[in-house]
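Q: Chains as they are written, first to last, in this note's numbering: chain A, 1 to 114; chain B, 1 to 113. One structure, pasted below without further comment.
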């Protein structure tokens with residue numbers, strides 16, 4: 001079974017631009033979560049989608065948004081990019097939202113904002 | 001608030017040495033606990049997990065026991081290999097906070113031949 005895939009793997013943008021990242025979950029998984037990883041802040045939860053609805057949101061500004069499609073694929077969008085948005089963005093999928101459920105991570109999209 | 005604290009790295013060991021990476025947590029309710037590993041240039045891979053007190057998770061020679069009385073989930077391996085060099089993350093998920101993982105800062109492990 002294929003794992004979680006993320007595209008693109010690397011991205012360079014300039015301040016003020018916007019960016020869209022894509023995540024395809026493991027087949028059959030309906031929950032997709034997004035995390036931001038930076039050297040200073042570590043791994044931080046952005047948001048989670050399940051059945052096309054945002055179920056949970058982290059403490060990030062409104063410039064960060066996302067959506068999920070009927071096939072469970074998810075996109076996240078960052079508008080008006082800032083230098084501090086440079087990070088590795090990780091997507092994770094799981095079959096359900098149960099407490100014990102394991103989240104499986106993709107390889108990430110590395111975003112550099114200049 | 002809910003949080004995870006890991007021992008600071010880097011941890012440097014010789015091959016076949018014993019490994020312990022400490023992890024303690026603060027959480028309301030009864031969390032599930034996880035160890036993830038990140039190899040250079042890659043995403044996170046689940047190493048092991050435990051979902052209730054006294055559970056022991058194990059995988060690839062790594063072990064961790066969910067200790068509710070000490071709010072700990074320390075990672076151990078009896079004999080490390082060079083290929084174990086990576087960053088290790090302890091994480092928890094909370095009941096009612098579905099699919100939101102709270103991570104520790106990560107501990108970098110370097111194993112030398």
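C-beta: ideal position from N, C-alpha, C; glycine also. Source: prediction; values computed, not measured.
How is residue 101 (chain B) classed by DSSP in three states: helix, strand or coil?
A: The answer is strand: DSSP assigns residue 101 (chain B) an E or B state.
Q: Whose C-alpha, out of B:100, B:35, B:61 and B:4, is nearest the C-alpha of residue 45 (chain B)?
A: B:35
Q: Residue 12 (chain B) bridges to which residues according to DSSP?
A: B:110
Q: For residue 56 (chain A), which residues of its own chain have a beta-carbon under 6 Å away from its beta-carbon, when the five flanking residues on both sides are left out?
A: 48
Q: Counting only the same chain and skipping the five closest in sequence on each side, list residues whose C-beta sits under 8 Å from that of residue 19 (chain A).
A: 11, 13, 77, 78, 81 and 111
Q: Between the segment 98-114 of chain A and chain B, which residues of the former have CB atoms less than 8 Å from a CB of the latter, in chain order?
A: 98, 99, 100, 101, 102, 103, 104, 105, 106, 107 and 108
Q: Would you report the Cα separation of residue 28 (chain B) and residue 113 (chain B), rounded to the nearest angstrom?
A: 42 Å
Q: Our contact map puts residue 32 (chain A) next to residue 54 (chain A) with C-beta atoms below 8 Å; I'd like the distance itself, whole angstroms only.
A: Not confirmed; about 10 Å, so no contact.
Q: Using a Cβ-Cβ distance under 7 Å, would residue 95 (chain A) count as near chain B?
A: Not one chain B Cβ lies under 7 Å of residue 95 (chain A).
Q: Does any residue of chain A have a CB that is nearer than 7 Å to the CB of residue 103 (chain B)?
A: yes
Q: If you drop the 5 nearest sequence neighbours on each side, which residues of the same chain put their C-beta closer than 8 Å to that of residue 137 (chain B)?
A: Past the boundaries of the shown model lies residue 137 (chain B); chain B is included only from 1 to 113, so the question cannot be answered.
Q: How big is the Cα-Cα spacing for residue 11 (chain B) and residue 84 (chain A)?
A: 28 Å
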